[in-house]
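2 protein chains.
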Amino acid sequence: MRSKPSPDTTTETPRRAADRIRDTAFDLFYREGIRAVGVEEIVNQAGVTKPSLYRAFESKDELIAAYLRDYDQRFCERFEAPSAEHPDDPKAHLLAYVDRLSRRASRDGYRGCGLTNAVIEYPDHDHPAHQVAVESKQNLRERLREMCRSMGARDPDELADGLMLLIEGSYVSGQTFGEGGPARVLGVMARRLIDASM
Amino acid sequence: MRSKPSPDTTTETPRRAADRIRDTAFDLFYREGIRAVGVEEIVNQAGVTKPSLYRAFESKDELIAAYLRDYDQRFCERFEAPSAEHPDDPKAHLLAYVDRLSRRASRDGYRGCGLTNAVIEYPDHDHPAHQVAVESKQNLRERLREMCRSMGARDPDELADGLMLLIEGSYVSGQTFGEGGPARVLGVMARRLIDASM
DNA sequence: CAGAGTACGTACCGATCGGTAACATTGTCA
DNA sequence: TGACAATGTTACCGATCGGTACGTACTCTG
Chain U
596 MRSKPSPDTT
606 TETPRRAADR
616 IRDTAFDLFY
626 REGIRAVGVE
636 EIVNQAGVTK
646 PSLYRAFESK
656 DELIAAYLRD
666 YDQRFCERFE
676 APSAEHPDDP
686 KAHLLAYVDR
696 LSRRASRDGY
706 RGCGLTNAVI
716 EYPDHDHPAH
726 QVAVESKQNL
736 RERLREMCRS
746 MGARDPDELA
756 DGLMLLIEGS
766 YVSGQTFGEG
776 GPARVLGVMA
786 RRLIDASM
Chain A
596 MRSKPSPDTT
606 TETPRRAADR
616 IRDTAFDLFY
626 REGIRAVGVE
636 EIVNQAGVTK
646 PSLYRAFESK
656 DELIAAYLRD
666 YDQRFCERFE
676 APSAEHPDDP
686 KAHLLAYVDR
696 LSRRASRDGY
706 RGCGLTNAVI
716 EYPDHDHPAH
726 QVAVESKQNL
736 RERLREMCRS
746 MGARDPDELA
756 DGLMLLIEGS
766 YVSGQTFGEG
776 GPARVLGVMA
786 RRLIDASM
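Protein chains in written order, with the numbering used here: chain U, 596 to 793; chain A, 596 to 793.
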């Protein structure tokens with residue numbers, strides 16, 4: 596997977612301090628919320644020290660932005676993953692993602708979408724966290740429109756927005772209600788909406 | 596409106612410190628986020644002092660819980676308001692609320708639902724903010740089920756959850772995308788989902 | 001008018017926040 | 001062996017965090 600020239604032998608934990616910080620920050624920011632986590636907690640749990648953090652990142656805000664860019668990348672991978680099983684079938688692709696999301700979001704302990712959460716934690720449009728997260732959401736919206744176009748929807752942009760509402764609703768409802776929350780119906784509702792929009 | 600025995604003459608701003616704190620906290624918590632606002636900022640903007648805050652509220656967490664209870668009350672009023680124009684017509688009632696929400700959530704500067712935001716800011720299930728917000732959402736879910744039952748849906752609980760996803764999705768999408776975001780289609784999507792579920 | 005109770009402000013607390021300076025230590029490769 | 005880059009160590013900074021001990025002004029009642 597990795598492409599580094601000659602990494603090393605034992606790969607128990609990420610060796611470089613910057614990577615350990617990045618991974619630890621990812622977990623803590625996602626699970627506990629960004630504002631709730633201080634840099635001290637991050638370096639402690641990562642097993643490094645504060646100067647190492649500030650040698651790799653200009654500021655906490657920059658670390659937050661890096662976290663959200665990482666999150667966006669992992670999200671894109673997860674969203675596009677079903678295309679392997681459903682090439683040239685955007686509807687099946689989308690429904691496969693939606694079904695997986697429905698299951699994940701209906702389990703206890705689900706924490707929603709890190710990008711959505713970031714928009715809510717940082718409503719200030721000038722904050723880097725807000726900007727990175729919003730840009731990712733705009734990409735998702737455009738991607739949904741693209742898929743709705745290829746599946747021949749009557750009004751693709753409209754349907755895309757409808758699906759967007761269902762998906763975002765699943766993210767937040769998933770963490771409000773635990774097991775058996777509204778996200779359980781995401782699959783059937785997406786199908787119903789798509790069928791009624793062709 | 597008020598029922599206090601003999602308040603006074605001029606009612607320019609709330610006279611009691613506790614009320615001014617409550618009102619100011621409401622605005623600040625809602626607009627900027629709960630964790631982002633310190634007690635100092637609240638008392639400054641309210642024109643009172645910190646001891647006044649802590650005489651009226653046990654802790655910041657208690658003030659947060661009070662804010663969320665206030666929010667829940669105002670939400671319920673807003674949600675039930677259309678019943679005046681549409682008595683004994685749950686579908687029209689619900690659609691009236693949904694249309695108003697759609698407009699509000701498609702405007703710039705919209706900040707979503709304070710209760711939803713609180714769940715995201717406080718993922719810890721033991722935190723009072725989380726508990727108050729989740730309880731309010733459970734009430735909403737039950738209310739939606741009730742309405743879907745009275746409108747004769749095929750599977751009322753299922754439809755209620757679908758509508759919940761659309762509504763929650765509008766809350767968060769409204770603050771991610773400003774003017775012209777996905778929330779603009781909330782009305783048509785709700786209708787489409789209801790019609791396809793009867 | 002005395003006195004009590006209520007309502008509020010001044011000034012301060014220790015803890016934690018994000019962030020840094022100076023220096024010692026380690027591992028790697030030439 | 002020696003140089004360099006990366007990391008750790010320690011100690012610290014000013015600002016802000018949530019929270020409080022204590023004094024003071026007002027008002028209502030007798």
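In this text, a Cβ means the ideal position worked out from N, Cα and C, and glycines have one as well.
Going by DSSP, Glu-774/U is part of no alpha helix (DSSP H) at all; its letter is neither H nor E.
By the criterion of at least three beta-carbon pairs nearer than 8 Å, the region 619-633 of chain U is in contact with the region 703-710 of chain U. Under the criterion of beta carbons closer than 8 Å, Leu-761/U and Leu-761/A qualify as touching, at roughly 7 Å. Fewer than three pairs of CB atoms, one per stretch, sit closer than 8 Å, so the region 734-744 of chain A makes no contact with the region 722-735 of chain U. Between Asp-667/A and Ser-765/A, the gap from beta carbon to beta carbon reaches 8 Å or more. With 16 or more neighbouring CB atoms inside 10 Å of its own CB, Arg-740/A falls in the buried class.
DSSP places His-688/A in the helix class (H, G or I) of the three-state scheme. Pairing Ala-713/U with Ile-629/U gives a Cβ-Cβ distance under 8 Å. For Gly-628/U, the closest Cβ of chain A is nearer than 8 Å. Leaving aside the five residues that flank Ser-678/U on each side, the residues in its chain whose CB is nearer than 6 Å to its CB run, in chain order, His-688. When rounded, the separation of the alpha-carbon atoms in Glu-675/A and Asp-752/A is 20 Å. In the three-state DSSP reduction, Arg-749/A falls in the coil class, being neither helix nor strand. If you look at Gly-782/A, you'll find it in the alpha helix (DSSP H) that goes 781-790. Neighbours of Ser-768/U across chain A, judged by C-beta separation under 7 Å: Met-759, Leu-760 and Glu-763.
Taking 8 Å as the CB threshold, Pro-723/A stays off the interface with chain U. When 9 Å is used as the limit between beta carbons, Glu-653/A is near no residue of chain U, the shortest such separation being about 21 Å.
DSSP places Pro-646/U in the uninterrupted alpha helix (DSSP H) bounded by 645-651. In this structure, the CA atom of Tyr-692/U is about 8 Å from the CA atom of Arg-673/U. Within the same chain, Cβ atoms closer than 8 Å to the Cβ of Ser-647/A are found at Ala-612, Ala-613, Ile-616 and Val-638, the five residues on either side in sequence being excluded. Cβ-Cβ distances below 6 Å link Leu-788/U to Gly-757 in the same chain, with the five nearest sequence neighbours on each side left out; the list follows chain order. One finds Ile-715 in chain U with Cβ atoms closer than 8 Å to the Cβ of Asn-712/A, taken in chain order. Within chain A, the residues Ser-768, Thr-771 and Phe-772 have their CB atoms less than 9 Å from the CB of Lys-732/U, given in chain order. The beta carbon of Ala-755/A is closer than 6 Å to those of Leu-739, Arg-740 and Cys-743 in its chain, skipping five residues each way along the sequence. Beta-carbon to beta-carbon, Lys-686/U and Met-746/U are separated by about 4 Å, close enough to satisfy the 8 Å threshold. Interface criterion met: the Cβ of Ala-631/A is under 8 Å from a Cβ in chain U. Going by DSSP, Tyr-625/A is part of the alpha helix (DSSP H) stretching over 612-627. Just measuring C-alpha positions, the residue of Thr-771/A, Gly-642/A and Val-643/A sitting nearest Tyr-717/U is Thr-771/A. Excluding five sequence positions before and after Ala-641/A, the CB atoms of its chain that fall closer than 7 Å to its own CB belong to Arg-615, Ile-616 and Thr-619, given in chain order.
The beta carbon of Ser-701/U sits closer than 8 Å to those of Gly-769, Glu-774, Gly-775, Gly-776, Ala-778 and Arg-779, all from its chain and outside the five residues before and after it, given in chain order.
Interface flag for Ala-791/A against chain U is set, since a Cβ pair is found closer than 8 Å.
Counting every other CB atom within 10 Å of its CB across the protein chains shown gives Met-759/A a total of 16 or more, marking it as buried. Comparing alpha-carbon positions, the option among His-722/U, Gly-782/U and Tyr-625/U lying closest to Arg-669/U turns out to be Tyr-625/U.
The beta-carbon distance between Val-767/U and Ile-715/A, rounded to whole angstroms, is 7 Å. This is short enough to meet the 8 Å contact definition. Around the beta-carbon of Glu-653/A, fewer than 16 other beta-carbon atoms lie within 10 Å, marking it exposed. Shown in chain order are the members of the region 689-708 of chain A whose Cβ falls below 8 Å from a Cβ of chain U: Arg-706 and Gly-707.
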